[in-house]
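Number of protein chains: 2
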Amino acid sequence: MSARFAVTYRVRSDAASIAARAEAIAVEQSVEMPVAAIESEAVLRDIVGRVEDIADRGEGVFAVRIALATATIGDDAGQFLNMVFGNTSLHADVELEACEIPQNLAARLGGPRIGIPGLRARLGVQGRAFTGSALKPQGLDPEALAALAGRLADGGLDFIKDDHGLADQAYSPFAARVPACAAAIAAAAKRTGHPTRYIPSITGNLDQMRAQLRLVRDLGLDCAMVVPLLAGVANVQAIRAEFPDIALFAHPSFGGAARVAPELLLGQLMPLLGADAVIFPNHGGRFGYTPATCRRLADAARSAPVPALPVPAGGMTLARTPELLDFYGPDTMLLVGGNLLMARARIAEEAAAFARAVAQHPYAQDHDGH
Amino acid sequence: MSARFAVTYRVRSDAASIAARAEAIAVEQSVEMPVAAIESEAVLRDIVGRVEDIADRGEGVFAVRIALATATIGDDAGQFLNMVFGNTSLHADVELEACEIPQNLAARLGGPRIGIPGLRARLGVQGRAFTGSALKPQGLDPEALAALAGRLADGGLDFIKDDHGLADQAYSPFAARVPACAAAIAAAAKRTGHPTRYIPSITGNLDQMRAQLRLVRDLGLDCAMVVPLLAGVANVQAIRAEFPDIALFAHPSFGGAARVAPELLLGQLMPLLGADAVIFPNHGGRFGYTPATCRRLADAARSAPVPALPVPAGGMTLARTPELLDFYGPDTMLLVGGNLLMARARIAEEAAAFARAVAQHPYAQDHDGH
Chain C
43 MSARFAVTYR
53 VRSDAASIAA
63 RAEAIAVEQS
73 VEMPVAAIES
83 EAVLRDIVGR
93 VEDIADRGEG
103 VFAVRIALAT
113 ATIGDDAGQF
123 LNMVFGNTSL
133 HADVELEACE
143 IPQNLAARLG
153 GPRIGIPGLR
163 ARLGVQGRAF
173 TGSALKPQGL
183 DPEALAALAG
193 RLADGGLDFI
203 KDDHGLADQA
213 YSPFAARVPA
223 CAAAIAAAAK
233 RTGHPTRYIP
243 SITGNLDQMR
253 AQLRLVRDLG
263 LDCAMVVPLL
273 AGVANVQAIR
283 AEFPDIALFA
293 HPSFGGAARV
303 APELLLGQLM
313 PLLGADAVIF
323 PNHGGRFGYT
333 PATCRRLADA
343 ARSAPVPALP
353 VPAGGMTLAR
363 TPELLDFYGP
373 DTMLLVGGNL
383 LMARARIAEE
393 AAAFARAVAQ
403 HPYAQDHDGH
Chain V
43 MSARFAVTYR
53 VRSDAASIAA
63 RAEAIAVEQS
73 VEMPVAAIES
83 EAVLRDIVGR
93 VEDIADRGEG
103 VFAVRIALAT
113 ATIGDDAGQF
123 LNMVFGNTSL
133 HADVELEACE
143 IPQNLAARLG
153 GPRIGIPGLR
163 ARLGVQGRAF
173 TGSALKPQGL
183 DPEALAALAG
193 RLADGGLDFI
203 KDDHGLADQA
213 YSPFAARVPA
223 CAAAIAAAAK
233 RTGHPTRYIP
243 SITGNLDQMR
253 AQLRLVRDLG
263 LDCAMVVPLL
273 AGVANVQAIR
283 AEFPDIALFA
293 HPSFGGAARV
303 APELLLGQLM
313 PLLGADAVIF
323 PNHGGRFGYT
333 PATCRRLADA
343 ARSAPVPALP
353 VPAGGMTLAR
363 TPELLDFYGP
373 DTMLLVGGNL
383 LMARARIAEE
393 AAAFARAVAQ
403 HPYAQDHDGH
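From first to last, the protein sequence lines are chains C and V.
Residues are numbered in our numbering as their position in the first sequence, beginning at 1, plus a constant of 42.
Residues are numbered in our numbering as their position in the second sequence, beginning at 1, plus a constant of 42.
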């Protein structure tokens, strides 16, 4: 018997059609041809997707559980997405809800190397949440971004990341912008005594990402952000293998997560391919995720073999710090971007207040077990 | 004044909220921070997205037209998607409907090199539609796939493509499978006198795709299929630049096109980054696209500077050949996969009947202008 793993789809259907619809999905995500035309017994036995369960969720929605063959995937994360939601992503009646990834498949795909324990060790931060902010707006030149980075770092934050809009634009080329921001943050870290980390955003094709990561490494930096759904997930696997000391932060851009359950796409799959930290839209911010979705997403990230760091973001405010720390506990990074920038001349002071609020928060006992 | 291009989003909203929602999208897809905190006059003038029009489409849907700065993109297709639908893809109330790409941006991103005219010249096919079929199911070994390829090519089809599920699996490694299928198709082409082309599927990270493409080129093949939304669009740009003689067929897998208008994502954007041919789900097949969507998608592909070939597929049947040729005209390829395979022992005869039907179809005069 060949190895299989289970994938659950959320399907809108009427009760009379769901059995046939489930079979059609099982075929679409495996052999993609009429089963009647398959002559090979081995393919019929080992490769064709198998409907394992259909559960009526009510209101015309069914959860369809399908067992797919692990052999169709190998160790390629792109092929993994192709097999679990390739053609089916084009069907408007289906959403991808869950994947049960067996340990041997997860190990082949990658997984975080550094994760929460590595980030805690590097920064000497224990028993509290991490703090972060973002460099924006795009359109500023390297000097202006570096000045902003220095002011944020003077507040003693743990991480300062590039906005995901910062790429290799003419007004702020990567090769000028990243050394300038790194130097400003290093100078601030010397002043504060806190080892604030800079997270540059890595873009372009695999060669361009590699060249950018070599510069990152040569600057003595040990973090980088990547957008897996634009970079191509197999390329994220490649840079994970080639730059083992760089902690990878996954950005959700182009995630179109309304078609794939966010806790799966971001919480489970980003760590699966090597993200050490996963940035996601927080509840109550600019995005519509519910608290329950955010909780499941964070729990999924922290369930990776090396726990990955959940990084709620997207319209966060300083005022919500206590509430969010109660919600996420210490194994998280709070990423406050625009709200800190609103302080303008008082950015360093506001950043320091943010850092203090996170350091002094009374974390509940039951969170310490993470 | 800096260069801008217009993007149209379809937004579900009530009339009282749409103006603010439109502004929020313009900010999200440009500076992603409170505009009030931006000090730079140049950023406010040249970078912040600008709402140009809001049209009430009725039933709580609005078309929001936003002008984005071309300078934010450079020549990176990944950054292009990041800027037009990066974070906004995570908002369930918004779909990306249209992009108006200025000529200079389109030229920087790439575009088809070979397209319809190049494919017509290579195959000596004029005045009729192209024919194609697919090698499946995955799970067969290289010998079985090659035998199938030979039988399909004996029918005199124009193109035989890998199923997009064929990757570099242990049961059928790329390096064994592709030479075997290429040899079988070449032998059949010698028998039939028709220069049937093989289209292998290229997968993995950029290095792996390059290695596969070198083998493709060394085998004397001149076509390849790629899944841009899994490969990473910037990597497609890279292989377009490095393999100028390979005609690139874009596969829609993982397109999640319900959140991006299919005519935009597949019809317009795939050619924009270099696809010479665009495979898409045909109306009336296994996918839910309407005839109007398919028409617009095909028209968009054929509107590229070098026209790209629209390839309707997905549950096509031989019986629909006349109807579909009337619908798409001669500048198309009909891709019939599973329905041909149903013929089992009579595959070559059925493929020949398909080829004849396409060759003998009376194409309407008004289609000949393409």
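All C-beta atoms in this analysis are idealised placements derived from N, C-alpha and C, irrespective of residue type, glycine included.
Asked, Found
"If I follow the unbroken alpha helix (DSSP H) through residue 191 of chain C, where does it start and stop?", "184-196"
"Do residue 317 of chain V and residue 154 of chain V have their beta-carbon atoms positioned less than 8 Å apart in this structure?", "yes"
"Assign residue 204 of chain C to buried or exposed, taking buried as 16 or more other Cβ atoms, counted over all protein chains shown, within 10 Å of its Cβ.", "buried"
"Rounded to a whole number of angstroms, what is the C-alpha to C-alpha distance between residue 120 of chain V and residue 305 of chain V?", "19 Å"
"Which chain C residues are close to residue 75 of chain V, counting only those with a beta carbon under 7 Å from its beta carbon?", "178, 179, 379, 380, 383"
"Output needed in chain order: residues of the region 182-213 of chain V with a Cβ under 8 Å from some Cβ in chain C.", "182, 186, 205, 206, 207, 209, 210, 211, 212, 213"
"With DSSP as the reference, label residue 412 of chain V as helix, strand or coil.", "Model confidence at residue 412 of chain V stands at a pLDDT of 39, short of 50, so the residue's coordinates are unreliable; what they give is reported in the following sentence. Reduced to three states, the DSSP call for residue 412 of chain V is coil."
"When the Cα atoms are used, what is the spatial distance from residue 209 of chain C to residue 113 of chain V?", "11 Å"
"Can you check which of these residues, V/126, V/331, V/400, is closest to residue 378 of chain V by C-alpha distance?", "V/400"
"In the DSSP output, what is residue 173 of chain C paired with across the bridge?", "C/376"
"Would DSSP call residue 131 of chain V helix, strand or coil?", "helix"
"Should residue 35 of chain C and residue 353 of chain C be called a contact, given that it needs their Cβ atoms to be closer than 8 Å?", "With chain C represented from 43 up to 412, any question about residue 35 of chain C goes unanswered, as that position is not in the structure."
"Output, in chain order, the set of chain V residues within a Cβ distance shorter than 8 Å of residue 81 of chain C.", "386"
"In angstroms with no decimal places, state the Cα-to-Cα distance between residue 117 of chain C and residue 320 of chain C.", "21 Å"
"Report, in whole angstroms, the separation of the C-beta atoms of residue 255 of chain V and residue 244 of chain V, which I expect to be a contact under 8 Å.", "6 Å"
"Please return the same chain residues whose Cβ sits closer than 8 Å to the Cβ of residue 460 of chain V, not counting the five positions on each side in sequence.", "Outside the displayed span of chain V (43 to 412) sits residue 460 of chain V, for which this structure offers no information."
"Going by alpha carbons, who is nearest to residue 172 of chain C out of C/198, C/215, C/389?", "C/198"
"Flag residue 89 of chain C as yes if its beta-carbon sits less than 8 Å from any beta-carbon of chain V, otherwise no.", "yes"
"What distance in whole Å lies between the Cβ atoms of residue 179 of chain V and residue 108 of chain C, which are believed to be in contact at a cut-off of 8 Å?", "That belief does not hold up - the Cβ atoms of residue 108 of chain C and residue 179 of chain V are roughly 16 Å apart, past 8 Å."
"With distances taken from CA atoms, which of V/166, V/295, V/216 is nearest residue 74 of chain C?", "V/295"
"Would you list the one or two residues that DSSP bridges to residue 276 of chain V?", "Beta-bridge pairing links residue 276 of chain V to no other residue."
"Would you say residue 396 of chain V faces chain C, with C-beta separation under 8 Å as the test?", "no"
"For a contact defined as C-beta to C-beta under 8 Å, what are the partners of residue 70 of chain C on chain V?", "328"
"Please classify residue 252 of chain C as buried or exposed, where buried requires at least 16 other C-beta atoms within 10 Å of its C-beta.", "buried"
"Does any CB atom of chain C fall closer than 8 Å to the CB of residue 47 of chain V?", "no"
"If we ignore side chains and look at the alpha-carbon of each, how far apart do residue 311 of chain V and residue 268 of chain V end up?", "14 Å"
"Taking the alpha-carbon positions, what's the residue 134 of chain V to residue 157 of chain C distance?", "30 Å"
"In chain V, what lies closer than 7 Å to residue 294 of chain C by C-beta?", "132"
"Reducing DSSP to helix, strand and coil, say where residue 138 of chain V ends up.", "strand"
"Which of the three DSSP states is assigned to residue 249 of chain C in this structure?", "helix"
"Use the C-beta contact count for residue 235 of chain V: other C-beta atoms within 10 angstroms, 16 or more gives buried, fewer gives exposed.", "exposed"
"Looking at the structure shown, is residue 290 of chain C part of a helix, part of a strand, or coil, going by DSSP?", "strand"
"Does the region 89-103 of chain V touch the region 52-70 of chain V, meaning 3 or more C-beta pairs lie closer than 8 Å?", "yes"
"Could you tell me which of V/174, V/51, V/380 sits nearest to residue 70 of chain V, measuring between CA atoms?", "V/51"
"Compare the C-beta of residue 323 of chain C against all C-beta atoms of chain V and say whether one is closer than 8 Å.", "yes"
"Should residue 257 of chain V and residue 297 of chain V be called a contact, given that it needs their Cβ atoms to be closer than 8 Å?", "no"
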